[in-house]
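Chemist:
Listed below in structure tokens is the structure:
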């Protein structure tokens, strides 16, 4: 039988997370969400706290390349995982194509949901590339996905924008995806 | 959130011992449990992280079944080519639930175990027999628009919120459990959930220390599969009513029928009555209406949710018509 990797009696959990390519050590109360670990411990405040209940998507980050709500997962559950935040998308100094497209298309008003929208769109586009269907895909058994505006809206429904910049968010994503508008 | 200790296990055989501590709970994706812990509706004092167990595989079995590991993410199951080709109703159901982010995190086992979204269960100032036994039920005389019309009791009218489980019910899924004595047992999904009765805090027949290790889907029956979800928003919303159907026709006569409803009861609601009313009959609207009436014969509204009885009937008729048309179109 494998030995548990974490002692059950440890009050403070010591973990390592790779954040935007850099290994970072943490000593955390096990209750700490990944979101709070990023914002309060690393001061990476690009990732936003909206509802803190997985309903708004403002806290979206990429773990192992997959988009997730960082508010609804514990940092201790991601020991040794690779996390990419909005700060990591332009680490080279150049804006990520989605960041540039959001500016070009004016895809925000207050901007609070924007980091989550962009991280979510990065994850979403790789899901499309992998051929994942969505709720609006006419035939889920087909491997071909055409990224129509309806597909973009459905796939981005986990990211709420209270300023309702949705038309421009869809346009920005469409620009980067190279998809045809319906 | 109340304090807790945390441990990660990497061997399924360690699960029962780890969770035997007082106040211990399994955690997997955490998308439901952590939400409830923040609200202090759930207050585990020890979390056993089972998300890294080697139970993520989706594999074909020799008898033509498919075995879906309990730790597979909802999104991976929905996107699996075998599931999409042979069990499209399951893909459709999964894709109609939650958001892309949540589906990436939520596990199959966790989806089965998720708690109701009854607003009184979530409101710690309100009476709820499910949250606090013998406290009473505020939903009975409250705003019960989203509540159950079948299988409920005077102690609880909460619904099970899963879409995935509704499709699994129509597919006659078996749930594989690892027992504390390290043997396994299988349960039909329809036998997995407990009726609310007078103890709605007990939601499943899981025994102490048992863990879900897989869901097994038998070879699919012939016919077209369809999941339809009716809700207040077009996306990212729980169902008011949903239905999973499988229909095959031969020369206009129905030769296979499976019907399960979601959001109408404390569990996915398989309707054998509807299936009986469909089998051997002509695939016409009259037949669908007879099946819908049979399915809802014992349905009871509680006021605000009275509309669900008619909505469930219409949703079934529309979905059967879609599936039968597709079935005919293929032949």
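Chains as they are written, first to last, in this note's numbering: chain A, 95 to 276; chain B, 2 to 332.
Idealized CB from N, CA, C, for every residue including glycine.
#1: Note the first and the last residue of the continuous beta strand (DSSP E) segment covering residue 118 of chain A.
#2: Does the beta carbon of residue 179 of chain A come closer than 8 Å to any beta carbon on chain D?
#3: Under 8 Å, CB to CB, which of the residues in the stretch 136 to 162 of chain A have a partner in chain B?
#4: Against chain A, with Cβ distances strictly below 8 Å, would residue 331 of chain B count as a contact?
#5: So, residue 217 of chain B versus residue 177 of chain B, is the Cβ gap smaller than 8 Å?
#6: Report all residues from its chain with a CB closer than 8 Å to the CB of residue 185 of chain A; omit the five preceding and five following residues, and keep chain order.
#7: Leaving out five residues before and five after residue 327 of chain B in sequence, what residues of the same chain have Cβ atoms less than 7 Å from its Cβ?
#8: Based on DSSP bridge pairs, tell me the residues matched to residue 59 of chain B.
#9: Taking the CB atoms as reference points, tell me whether residue 231 of chain B and residue 242 of chain B lie closer together than 8 Å.
#10: What residues match up with residue 242 of chain B in a beta bridge as DSSP calls it?
#11: What's the call for residue 299 of chain B, buried or exposed, on a 16-neighbour Cβ count within 10 Å?
#12: Applying a beta-carbon distance threshold of less than 8 Å, which residues of chain A neighbour residue 131 of chain B?
#13: Cβ atoms of residue 90 of chain B and residue 59 of chain B: under 8 Å apart, would you say?
#14: Can you tell me whether residue 258 of chain B is buried or exposed, with buried defined as 16 or more other CB within 10 angstroms of its CB?
#15: So what does DSSP say about residue 103 of chain A, is it helix, strand or coil?
#16: Flag residue 89 of chain B as yes if its beta-carbon sits less than 8 Å from any beta-carbon of chain A, otherwise no.
#17: Measure the C-alpha to C-alpha separation of residue 97 of chain A and residue 52 of chain B and round it to an integer number of angstroms.
#18: Rounded to a whole number of angstroms, what is the C-alpha to C-alpha distance between residue 181 of chain A and residue 136 of chain A?
#19: Can you check whether the CB of residue 289 of chain B is closer than 8 Å to the CB of residue 1 of chain B?
#20: Taking residue 249 of chain B as the query, report the chain A residues whose CB atoms sit under 8 Å from its CB, ordered along the chain.
#21: Buried or exposed: where does residue 221 of chain A fall if 16 or more other Cβ atoms within 10 Å of its Cβ makes it buried?
#22: Return the Cβ separation of residue 95 of chain B and residue 75 of chain B in integer angstroms, given the expectation that the two are a contact with Cβ distance under 8 Å.
#23: Counting only runs that start and end within the stretch 250 to 318 of chain B, where is the alpha helix (DSSP H) found for 4 or more residues in a row?
#24: Can you tell me which of B:164, B:244, B:279, B:208 puts its alpha carbon nearest to the alpha carbon of residue 250 of chain B?
#25: Could you tell me the alpha carbon to alpha carbon distance between residue 221 of chain B and residue 261 of chain B, rounded to whole angstroms?
#26: Going by the CB atoms, is the gap between residue 134 of chain B and residue 1 of chain B shorter than 8 Å?
#27: Would you say residue 86 of chain B faces chain A, with C-beta separation under 8 Å as the test?
#28: Among residues of its own chain, excluding the 5 on either side of residue 332 of chain B, which ones have a beta-carbon nearer than 6 Å to its beta-carbon?
#29: CA-CA distance, residue 107 of chain B and residue 37 of chain B?
#30: Quick check on this structure: which residue in A:145, A:142, A:127, A:111 has the alpha carbon closest to the alpha carbon of residue 2 of chain B?
#31: Should residue 69 of chain B be listed as close to the ligand ADP, given that the test is whether its C-beta is under 7 Å from any heavy atom?
#32: Within 10 angstroms of the Cβ of residue 189 of chain A, are there 16 or more other Cβ atoms? Answer buried if so, exposed if not.
#33: Taking all protein chains shown into account, decide if residue 49 of chain A is buried (16 or more other Cβ within 10 angstroms of its Cβ) or exposed.
#34: What does the Cβ neighbour count give for residue 167 of chain A, buried or exposed, with the cut at 16 atoms within 10 Å?
#35: Quick check on residue 242 of chain A: does DSSP put it in helix, strand or coil?
#36: Among A:162, A:140, A:172, A:266, which has the Cα closest to the Cα of residue 247 of chain A?
Modeler: Put simply:
#1: By 1-based counting over the first chain, the position of residue 118 of chain A is 24. First-last of the beta strand (DSSP E) with residue 118 of chain A: 116 to 122.
#2: This model lacks chain D altogether, as its protein chains are A and B.
#3: 146, 147, 148, 151, 154, 160, 161, 162
#4: For the purposes of this step, residue 331 of chain B is taken as residue 330 along the second chain, with counting starting at 1. Per-residue confidence for residue 331 of chain B stands at a pLDDT of 48, beneath the threshold of 50, marking its modelled position as unreliable; no derived number is given.
#5: By one-based count along the second chain, residue 217 of chain B stands at place 216. By one-based count along the second chain, residue 177 of chain B stands at place 176. Yes; because the gap between Cβ atoms is below 8 Å, this pair is in contact.
#6: On the first chain, position 91 is the one that residue 185 of chain A refers to. Once the five neighbours on either side are set aside, the close Cβ partners of residue 185 of chain A are 114, 115.
#7: Working through the second chain from its first residue, we reach residue 327 of chain B at position 326. These residues qualify, in order along the chain: 225.
#8: Indexing the second chain from 1 puts residue 59 of chain B at position 58. Answer is B:69.
#9: Position 230 of the second chain, counting from 1, holds the residue named residue 231 of chain B. Position 241 of the second chain, counting from 1, holds the residue named residue 242 of chain B. In contact: residue 231 of chain B and residue 242 of chain B (Cβ atoms closer than 8 Å).
#10: Residue 242 of chain B sits at position 241 when you count from the first residue of the second chain. In DSSP, residue 242 of chain B forms a bridge with B:231.
#11: Reading the second chain from its first residue, position 298 is the one you call residue 299 of chain B. Residue 299 of chain B should be labelled exposed.
#12: As a first step, residue 131 of chain B is located in the second chain; it is residue number 130 there, counting from the start. Within 8 Å Cβ-Cβ: nothing; residue 131 of chain B doesn't reach chain A, min ~19 Å.
#13: On the second chain, residue 59 of chain B is found 58 positions in, with the first residue counted as 1. On the second chain, residue 90 of chain B is found 89 positions in, with the first residue counted as 1. It is not a contact, given that the beta carbons lie outside the stated cut-off.
#14: Here residue 258 of chain B refers to the residue found at position 257 of the second chain. It is buried - the Cβ of residue 258 of chain B has at least 16 other Cβ atoms within 10 Å.
#15: What you label residue 103 of chain A is simply residue 9 of the first chain in a count that begins at 1. For residue 103 of chain A, the predicted model reports a pLDDT of 49, less than 50, meaning its position is unreliable; a value from the coordinates is still stated below. Coil, per DSSP.
#16: For this step, residue 89 of chain B is matched to residue 88 along the second chain. Closer than 8 Å to some Cβ of chain A, the Cβ of residue 89 of chain B qualifies, so yes.
#17: Reading the first chain from its first residue, position 3 is the one you call residue 97 of chain A. Reading the second chain from its first residue, position 51 is the one you call residue 52 of chain B. Confidence in residue 97 of chain A is poor, its pLDDT being 44 and thus under 50, which makes the residue's placement unreliable; the coordinate value appears in the next sentence. Each residue's alpha carbon lies about 16 Å from the other.
#18: If you number the first chain from 1, residue 181 of chain A lands on position 87. If you number the first chain from 1, residue 136 of chain A lands on position 42. Straight-line Cα distance between these residues: approximately 12 Å.
#19: Outside the shown range of chain B (2 to 332) lies residue 1 of chain B, about which nothing can therefore be said.
#20: Here the question's residue 249 of chain B lines up with position 248 in the second chain. Within 8 Å Cβ-Cβ: nothing; residue 249 of chain B doesn't reach chain A, min ~17 Å.
#21: The residue labelled residue 221 of chain A in the question sits at position 127 within the first chain. By the neighbour-count rule (16 or more Cβ atoms within 10 Å), residue 221 of chain A is buried.
#22: Working through the second chain from its first residue, we reach residue 95 of chain B at position 94. Working through the second chain from its first residue, we reach residue 75 of chain B at position 74. The pair is a contact, with the Cβ atoms about 5 Å apart (cut-off 8 Å).
#23: 273 to 279, 286 to 296
#24: Along the second chain, one-based indexing puts residue 250 of chain B at 249. Selected option, being the one with the closest Cα: B:279.
#25: Counted from its first residue, the second chain places residue 221 of chain B at position 220. Counted from its first residue, the second chain places residue 261 of chain B at position 260. Approximately 15 Å, taken between the alpha carbons.
#26: Since the first residue of chain B shown is 2 and the last is 332, residue 1 of chain B is not available in this structure.
#27: Residue 86 of chain B sits at position 85 when you count from the first residue of the second chain. Output row for residue 86 of chain B: interface = yes.
#28: In the second chain, the residue the question calls residue 332 of chain B occupies position 331. With a pLDDT of only 40 at residue 332 of chain B, under 50, the local geometry of the prediction cannot be trusted, and no value is derived from it.
#29: Here the question's residue 107 of chain B lines up with position 106 in the second chain. Here the question's residue 37 of chain B lines up with position 36 in the second chain. Whole-angstrom Cα-Cα distance: 15 Å.
#30: Taking the first residue of the second chain as position 1, residue 2 of chain B is located at position 1. Checked all of A:145, A:142, A:127, A:111; the closest Cα to residue 2 of chain B is A:127.
#31: Looking at this structure, you won't find the ligand ADP or any other ligand, since it has none at all.
#32: By one-based count along the first chain, residue 189 of chain A stands at place 95. Exposed, by the Cβ-count rule.
#33: Any property of residue 49 of chain A remains undetermined from this structure, which presents chain A solely from 95 to 276.
#34: For this step, residue 167 of chain A is matched to residue 73 along the first chain. When all chains shown are included, residue 167 of chain A counts as buried.
#35: In the first chain, residue 242 of chain A corresponds to position 148, counting from 1. Reduced to three states, the DSSP call for residue 242 of chain A is coil.
#36: Here residue 247 of chain A refers to the residue found at position 153 of the first chain. Considering only alpha carbons, the answer is A:266.
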